[in-house]
Amino acid sequence: MTARAPAPVALNGRHVVLEPLRIDHVPDLYSAQRGVETDWGWLPVLAPRSQAEMRFIVEQRLAQQAAGGAFIFVVLDARTRRAAGWIAYLNINVIDQRVDIGWHWLGESLSGTYATVEIHLLLVQHAFHLGFTRVQWQLDDLDRAGHDTMLQIGALREGLMRRHQKRPDGTWRDTALYALLSPSRAAPIGQAQLPAPAAPAPPAPAAISWPTPVPPQGIRPRVGTPNAGNRYGP
Numbered sequence: 001m002t003a004r005a006p007a008p009v010a011l012n013g014r015h016v017v018l019e020p021l022r023i024d025h026v027p028d029l030y031s032a033q034r035g036v037e038t039d040w041g042w043l044p045v046l047a048p049r050s051q052a053e054m055r056f057i058v059e060q061r062l063a064q065q066a067a068g069g070a071f072i073f074v075v076l077d078a079r080t081r082r083a084a085g086w087i088a089y090l091n092i093n094v095i096d097q098r099v100d101i102g103w104h105w106l107g108e109s110l111s112g113t114y115a116t117v118e119i120h121l122l123l124v125q126h127a128f129h130l131g132f133t134r135v136q137w138q139l140d141d142l143d144r145a146g147h148d149t150m151l152q153i154g155a156l157r158e159g160l161m162r163r164h165q166k167r168p169d170g171t172w173r174d175t176a177l178y179a180l181l182s183p184s185r186a187a188p189i190g191q192a193q194l195p196a197p198a199a200p201a202p203p204a205p206a207a208i209s210w211p212t213p214v215p216p217q218g219i220r221p222r223v224g225t226p227n228a229g230n231r232y233g234p
């Protein structure tokens, strides 16, 4: 039995909506980015300095999707329905029922909020619905915020690949591997079992307290299409 490849679908959460990335999302994505590089610190592409550069990055993502190497979702702020980031399925293997989640980026309005946890949970639940039995993440071991997100969603750290690959500045990266395995039965689309809030949900996303990710000193991400899967990786 094989899993089904991801197809265009909208995934609705409390704070975000995920839908397939399109070129017409570029203006809102650039506006959300606002020249702030903090959330791009672990991405292998330079933060766009213009709307044209953002369009170029989106075109690269869509080209890799067309080649079958990824399926990218734009993250919409549920309050405004405006694009505020993206996240993707990567290394999609329907035969072995395995998929990575990565290329995570959120703009200023959602970064550091519960939306970060929610987008991962939505993609995990949907992957299980498609028949994938293993969802995994690879992240730079120095990415403290990434580790905290993994704890929030209950992913198991399976190991550390030491001296795994080079960072853009030439230093060697250790890559941490996290994974979740499918339960015996996945919930229907749009009914992810998200942690219940302690109080009624506020109109704006509730902030999560975690350390601000600090990229290794001197790293300048390279321009180009990523060749592996994580927000967090090469």
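Anchor point for the sequence shown: position 227 equals 227 in full-length UniProt numbering, and the numbering is continuous, going up by one each time. Note that beta-carbon positions come from the ideal geometry of N, C-alpha and C, so glycine has one too.
**Report entry** Inter-stretch contact (C-beta, 8 angstroms, three-pair minimum) for the region 5-16 and the region 136-149
**Finding:** Contact between the region 5-16 and the region 136-149 is absent, because fewer than three Cβ pairs lie under 8 angstroms.
Query raised in the report: Does the distance from the CB of Ala164 to the CB of Thr171 come in under 7 angstroms?
Result: The sequence position of residue 164 within the sequence shown is 164, counting from 1. The sequence position of residue 171 within the sequence shown is 171, counting from 1. For clarity, residue 164 is His in the given sequence; the question names Ala instead. Not closer than 7 angstroms, so no.
Report task. Consult DSSP for Pro27 and reduce its assignment to one of helix, strand or coil. Result -> Within the sequence shown, numbered from 1, the residue matching residue 27 stands at position 27. Correct three-state label for Pro27: helix.
Query raised in the report: Does the pairing of the region 101-111 with the region 75-84 give three or more beta-carbon distances under 8 angstroms?
Result: The region 101-111, when compared against the region 75-84, does touch it at the 8 angstroms Cβ threshold.
Query - Length-filtered (3 minimum) beta strand (DSSP E) runs lying within the region 118-177 - result: Here the runs fully enclosed are 134-140 and 156-166.
Report task. Indicate whether Ile87 and Phe73 have their beta-carbon atoms separated by less than 7 angstroms. Result -> Within the sequence shown, the letter at position 87 stands for residue 87. Within the sequence shown, the letter at position 73 stands for residue 73. Going by C-beta atoms, Ile87 is nearer than 7 angstroms to Phe73.
Query - Assigned secondary structure, Arg81 (DSSP; H/G/I helix, E/B strand, else coil) - result: Looking up residue 81 in the sequence shown gives position 81. The DSSP-derived three-state label of Arg81 is coil.
Query raised in the report: How many angstroms separate the CA atom of Ile97 from the CA atom of Asp28?
Result: Locating residue 97 in the sequence shown gives position 97, counting from the first residue. Locating residue 28 in the sequence shown gives position 28, counting from the first residue. The sequence shown places Gln at residue 97, rather than the Ile named in the question. Using only the alpha carbons, I get a separation of about 34 angstroms.
Query raised in the report: Are the C-beta of Arg157 and some C-beta of chain D separated by less than 7 angstroms?
Result: Here chain D cannot be found, since the structure has a single protein chain.
Query raised in the report: Can you pull the DSSP bridge partners for Gly102?
Result: Stepping through the sequence shown from its first residue, residue 102 is reached at position 102. Bridge partners of Gly102: Ala88.
Query raised in the report: Looking at C-alpha atoms only, which residue of Ile153, Val26 and Arg4 is the closest neighbour of Ile119?
Result: In the sequence shown, the residue the question calls residue 119 occupies position 119. Ranking the options by Cα distance to Ile119, first place goes to Ile153.
Query raised in the report: Leaving out the 5 sequence neighbours to the left and right, which residues in its chain are closer than 7 angstroms to Leu21 when beta-carbon positions are compared?
Result: Taking the first residue of the sequence shown as position 1, residue 21 is located at position 21. Cβ neighbours of Leu21 beyond the five flanking positions: Val58, Arg61, Leu62, Ile72, Phe73, Val74 and Trp86.
Query raised in the report: How big is the Cα-Cα spacing for Arg162 and Tyr89?
Result: Against the sequence shown, residue 162 aligns to sequence position 162. Against the sequence shown, residue 89 aligns to sequence position 89. Rounded to whole angstroms, Arg162 to Tyr89 spans 24 angstroms at the Cα level.
Requested in this report: Find out if the Cβ-Cβ distance for the pair Thr149, Thr116 is shorter than 7 angstroms.
Outcome: As a position in the sequence shown, residue 149 is number 149, starting the count at 1. As a position in the sequence shown, residue 116 is number 116, starting the count at 1. Taking 7 angstroms as the Cβ cut-off, Thr149 and Thr116 qualify as a contacting pair.
Query raised in the report: How long is the line joining the alpha carbons of Tyr33 and Arg14, rounded to whole angstroms?
Result: Your numbering for residue 33 matches position 33 in the sequence shown. Your numbering for residue 14 matches position 14 in the sequence shown. The sequence shown places Gln at residue 33, not Tyr. For Gln33 and Arg14, the distance between alpha carbons rounds to 22 angstroms.
Query - Met54, buried or exposed, once every other Cβ within 10 Å from all chains shown has been counted against 16 - result: Within the sequence shown, the letter at position 54 stands for residue 54. By the neighbour-count definition (other C-beta atoms within 10 Å, threshold 16), Met54 is a buried residue.
Report task. Could you tell me which residues DSSP pairs with Leu181 in its beta bridges? Result -> Counting from 1 along the sequence shown, the entry for residue 181 is found at position 181. Leu181 is bridged to Arg134.
Query raised in the report: When burial is assigned at 16 or more other CB atoms within 10 Å of the CB, is Asp100 buried or exposed?
Result: For the purposes of this step, residue 100 is taken as residue 100 along the sequence shown, with counting starting at 1. Asp100 should be labelled buried.
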